[in-house]
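Residue numbers (this note's numbering): 1 to 249. This report concerns only the one structure given below.
Now the structure itself:
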């Protein structure tokens, strides 16, 4: 407290402006709230809410959120366009993620059978009875949809099922995998397994957080034709892309 002498006005103390909390501080609008945290066979998976959006984090690596979804929808649309006029094509979506790709596929009546493969039980729970059900609930209830709880890499290698399109989004890209085991999906043996799951003339579509000329070359070396990349326009930075390739008829 300041000391004054009788008859003199107290000294003026200017108001101190409040210090704004640093971005990300708990309690601030942009701070994420952890809704669920699970330890599974492939490590930790976390569901967070940031404002109105949800985020999935795997082993400390950001995977995806619900803020946009354009690239996840492009994954489905680009594959369907590449198939042309094929009647009621069957599509495999891997994995479930935040549900945008599955929901977009189920909203398109042109698709026939829709299979979605997801290895994380926690992610399945978030869609069946958790906050992500508002995105995927109708799609999971669609009679065309079959949900497979399993590892996509193993499913592609061992399943007898074939599809007209494989729409794969289980990593941040061929060069930035969530777990080391996923590397094999983009190897020559993994791409051969993908080709074996495709009907003649079928389309492989792979989501990536950045374009990769090396992966395009791997697709050509694996015997795919029509290899190309579609980008999602962004105001700045590196665009999300979908790598497309066709199994020869």
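Glycine included, every Cβ here is placed at the ideal spot set by N, Cα and C. Since we're looking at a predicted model, the values are computed, not measured.
The DSSP-derived three-state label of residue 233 is coil. Under the three-state reduction of DSSP output, residue 217 falls in the helix class. Within the same chain, and ignoring the five residues on either side of residue 220 in sequence, the residues whose Cβ sits closer than 7 Å to its Cβ are 227. CA-CA distance, residue 46 to residue 148, rounds to 21 Å. Annotated as proximal: residue 78 and residue 242, with beta-carbon spacing under 8 Å. Taking a cut-off of 8 Å on C-beta distances, the stretch 116-136 touches the stretch 147-166, as three or more cross pairs fall below it. Annotated three-state conformation of residue 54 is strand, per DSSP. Scanning its chain for C-beta atoms nearer than 8 Å, with the 5 sequence neighbours on each side dropped, one finds around residue 195 the residues 204, 222, 223, 224, 247, in chain order.
In the DSSP assignment, the residues bridged to residue 114 are 91, 145. If you look at residue 205, you'll find it in the beta strand (DSSP E) that goes 198-208. Each residue's CA atom was taken as its position, placing residue 125 and residue 36 some 10 Å apart.
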